[in-house]
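Taking it in order: structure first as structure tokens, then the write-up.
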């Protein structure tokens, strides 16, 4: 049997750079087939989700919000405040560990099926390109064509459509960052009143346009760190989009297809070297060279190869989802020790996260001694001044918030109104005095226990320190 030892020189360069180091554009064949049909359904569902998520609200909370400036984050309508940063961090760690587990088991399938970059590139911009410029051969011919009326018309049309879609994506992206309500308000007010926002939108638009009109698949090959991760996560037991080199190469290697020949008797492999799998690849690789960094597991080569195999009367599955051990050793997929380790870690993290969610306070209060202010004598009482912050994470407004000193005995007097209000999903700040009889102070520093009520309902308990004189009665 022939040994599968492909020329490894292909690993020294990438398909998007030519021999002179200049950008080499890839013109993939228009994909079709069962896997592509499934990808289309999933992609259009995810596109609908990505475009609508910032405009969906549950219990008044935006479904997804990543407002870095105001430090407010909503994940699946669940709000995270700066005080919940530990929850946000652990949720991100869960995502990373889950993605690592998925990669160890199934390779870079996330890139081909779920990644927004791939979905927008292959299911939006590339489809528009096929519609305007035509399929692979027509695009290659148009690229070499002189700048006549046809080329100018097609190029300008494509560029304008790409810019409009990039502008729409930029608006949606901005809605994720600042909130959909604020974005809609900016749109209603018009660009004249929001010049800085318009500049930010145009910058985002330019970035997206550059990515999808020029940089394209190089995001997956060069820029994306996840592509580099697979080098340490994959092994021979990982299921990938793989070429069955045992069957494809046979004893004498690949050979062109000839009718009425017995390829098996001649020792020829099932690969007829049609190169359709190469032509349809959106990153320009030859899957027959084995697992490669550039492969995003999009399955376009599986569909094309199965179509060719069906036409020439050979079994499908020459390119399929399979591990190296399945191809060489005929071993079925099973959980490895490493996969079980990831599963255990993921289960622990999810358990901790759920526990933290249940222990999470809906109201948080911070009471701190006002910096630079010493205690004051008020008759037979000692007075300290404090600043307070009350964070209301609920959807209910607190309209009558009062403070009660529990330990030691004393009184609290708010500066201004005798009570305060805290808006829903908001913060209230203020100042109050704490007065304690000097005779009740047993030390120069005493811990205060303060209960916070809304309409006589206890909503939070806080502690702080009270500073008194060094000598006592």
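Numbering (this note's numbering), first residue to last: 51 to 523. Note that beta-carbon positions come from the ideal geometry of N, C-alpha and C, so glycine has one too. The structure displayed is predicted, hence computed values, not measured ones.
Proximity below 8 angstroms, CB of residue i to CB of residue j
i, j, result
"residue 349", "residue 85", "yes"
"residue 486", "residue 468", "no"
"residue 447", "residue 473", "yes"
"residue 77", "residue 186", "yes"
"residue 144", "residue 396", "yes"
"residue 514", "residue 419", "yes"
"residue 331", "residue 167", "no"
"residue 276", "residue 216", "no"
"residue 403", "residue 438", "no"
"residue 67", "residue 73", "yes"
"residue 491", "residue 432", "yes"
For residue i, three-class secondary structure by DSSP
i, result
"residue 453", "strand"
"residue 493", "coil"
"residue 119", "coil"
"residue 505", "coil"
"residue 238", "helix"
"residue 195", "coil"
"residue 166", "helix"
"residue 114", "strand"
"residue 52", "Confidence in residue 52 is poor, its pLDDT being 44 and thus under 50, which makes the residue's placement too unreliable to answer from."
"residue 244", "coil"
"residue 79", "coil"
"residue 109", "coil"
"residue 411", "coil"
"residue 50", "Residue 50 is absent from the structure shown; the chain starts at 51 and stops at 523."
"residue 523", "Because the pLDDT at residue 523 is just 45, under 50, the model does not fix this residue reliably, and the value given afterwards should be weighed accordingly. It is coil, neither helix nor strand."
"residue 126", "coil"
"residue 72", "coil"
Cα-Cα separation, residue i to residue j
i, j, result
"residue 436", "residue 480", "8 angstroms"
"residue 53", "residue 301", "Interpretation of residue 53 is limited by its pLDDT of 46, a score under 50 that renders its predicted location unreliable; the figure taken from the coordinates is listed afterwards. Between residue 53 and residue 301, the C-alpha separation is close to 8 angstroms."
"residue 424", "residue 464", "18 angstroms"
"residue 518", "residue 257", "59 angstroms"
"residue 82", "residue 88", "10 angstroms"
"residue 266", "residue 317", "41 angstroms"
"residue 359", "residue 129", "52 angstroms"
"residue 163", "residue 502", "50 angstroms"
"residue 268", "residue 260", "11 angstroms"
"residue 443", "residue 111", "11 angstroms"
"residue 476", "residue 190", "57 angstroms"
"residue 429", "residue 421", "23 angstroms"
"residue 101", "residue 227", "13 angstroms"
"residue 140", "residue 399", "7 angstroms"
"residue 328", "residue 109", "50 angstroms"
"residue 165", "residue 146", "14 angstroms"
"residue 213", "residue 347", "28 angstroms"
Any chain C beta carbon closer than 8 angstroms to residue i
i, result
"residue 508", "Although the question refers to chain C, the structure presented lacks it and comprises just one protein chain."
* Runs of beta strand (DSSP E) wholly within the region 248-326 (minimum 3 residues, chain order) -> Listed in chain order, the beta strand (DSSP E) runs fully inside the region 248-326 are 290-293, counting runs of at least 3 residues.
* Whole beta strand (DSSP E) elements within the region 413-493, 3-residue minimum -> 413-419, 426-428, 431-442, 448-457, 461-464, 470-472 and 476-487
* Kindly confirm or deny that the region 235-249 and the region 190-200 touch, where touching means at least three C-beta pairs closer than 8 angstroms. => no
* If we count Cβ pairs, one from each stretch, closer than 8 angstroms, do we get three or more for the region 377-385 versus the region 108-125? -> no
* Asked: Can you find at least 3 beta carbon pairs, one from the region 361-370 and one from the region 289-308, that sit closer than 8 angstroms?
  -> yes
* Asked: Between the region 319-339 and the region 243-250, are three or more C-beta pairs nearer than 8 angstroms?
  -> no
* At which residue ranges does the region 324-406 contain complete beta strand (DSSP E) runs of 3 or more residues, listed in the order of the chain? -> 369-372
* Asked: Hey, is the region 147-157 in contact with the region 282-293, meaning 3+ C-beta pairs nearer than 8 angstroms?
  -> yes
* Go through the region 195-233 residue by residue and report every complete run of the alpha helix (DSSP H) that reaches 4 residues or more, in order. => Here the runs fully enclosed are 199-228.
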